[in-house]
Amino acid sequence: MKALIDNKYKIDLSKPIDISIPLTNTDENPIAWYIEKPVIEPVVFGDWIGKVSEGKSSTNFNNIFFNPHGHGTHTECLGHITREFYSINQSLKTFFFLAELVSVEPEVQGEDLVITKAQVRKAMMISPDSYRDSLNGTAPEAIIIRTKPNSKSKKAAKYSNTNPPYLSEEAAIFIRESGIQHLLIDLPSVDKEHDEGKLLAHKAFWNVKDVNKLNADARLNATITEMIYVDDEIKDGSYILNLQIASFENDASPSKPILYNLIR
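In my numbering, the protein residues as written are 19 to 282.
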């Protein structure tokens, strides 16, 4: 946030770029982690149905059952992997950030597709720190990773048991050491789907060394946002990110990341 205070940027609030995926109760909703699609249905009390079109209610009054990790765009804090409870609502206290959008085609490694440190470094143009030029010498606070190929089918993908691409531990360490506080990606997880619970990229990005006893230098205010979708029409480069969450006292919340073009 200090970067926004120290530097002046112009954005047009009437032109938001939404990179979230809407949550629906249809087969078009993306799904991960072996669960069924979300449920959105009216409350029923006896013969009363909370749906105006049914003729027995003056309001639409729905229950919604969903899982933030498996049903769409969500933002999580390190409480996702720790024994002790930590809430995204307490971890994320500011909501506007300088962000860099990069596109990466994961590298084939055996049966996996992996985003490597070298690819992230190249995409961010960090050698030698040239990516900072686009932000007047200021390092971004957030990185948004769009994976290639970038089919619109991502918005309705069924990821369970498909071994999606993931971020290498070295890449996550590199992002952390670059000072990035907020990592956004268009995959269901930064880690391999079946990894025996190692969660190497999550732990590396949050600098969590022991999930049972949190180390003092763990990154309590850093966040990971997964299952975004960035249309190909949106160019790689620098943006202002507005990272919106619902006020859930939970390790994760459904979220609505919005980008704004910098007016130069």
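For every residue, glycine included, the Cβ atom is placed at its ideal position computed from N, Cα and C.
Comparing alpha carbon positions, the residue from PHE83, LYS74 and ILE39 closest to GLU59 is PHE83.
With respect to VAL226, LEU96 sits close: the two C-beta atoms are nearer than 7 Å.
The beta carbon of ILE246 is closer than 8 Å to those of ILE37, SER38, ILE39, THR91, ILE162, LEU202, ILE203, ASP204 and PRO275 in its chain, skipping five residues each way along the sequence. Each of THR180, SER169, ASN78 and HIS200 was checked against the Cα of ALA240, and the nearest Cα belongs to HIS200. The alpha-carbon of GLY255 is positioned some 14 Å away from that of ASP249. Of all alpha-carbon atoms in LYS176, GLU102 and TYR104, the one lying nearest the alpha-carbon of ILE53 is that of LYS176.
By the criterion of at least three beta-carbon pairs nearer than 8 Å, the stretch 120 to 140 is in contact with the stretch 183 to 194. For ASN181, the closest alpha carbon among the candidates GLU72, PHE114 and ASP209 is that of ASP209. A straight line joining the alpha-carbon of ILE29 with that of VAL122 spans about 26 Å. One thing to note: GLU244 has its Cβ within 7 Å of the Cβ of PRO206. For ALA264, the CB contacts under 8 Å within the same chain, skipping 5 residues up- and downstream, are SER271, PRO272 and SER273 in chain order. The C-alpha of LYS172 is placed about 31 Å away from the C-alpha of VAL229.
In chain order, ILE258 and LEU280 place their CB closer than 7 Å to the CB of TYR27, counting only its own chain and leaving out the 5 sequence neighbours on each side.
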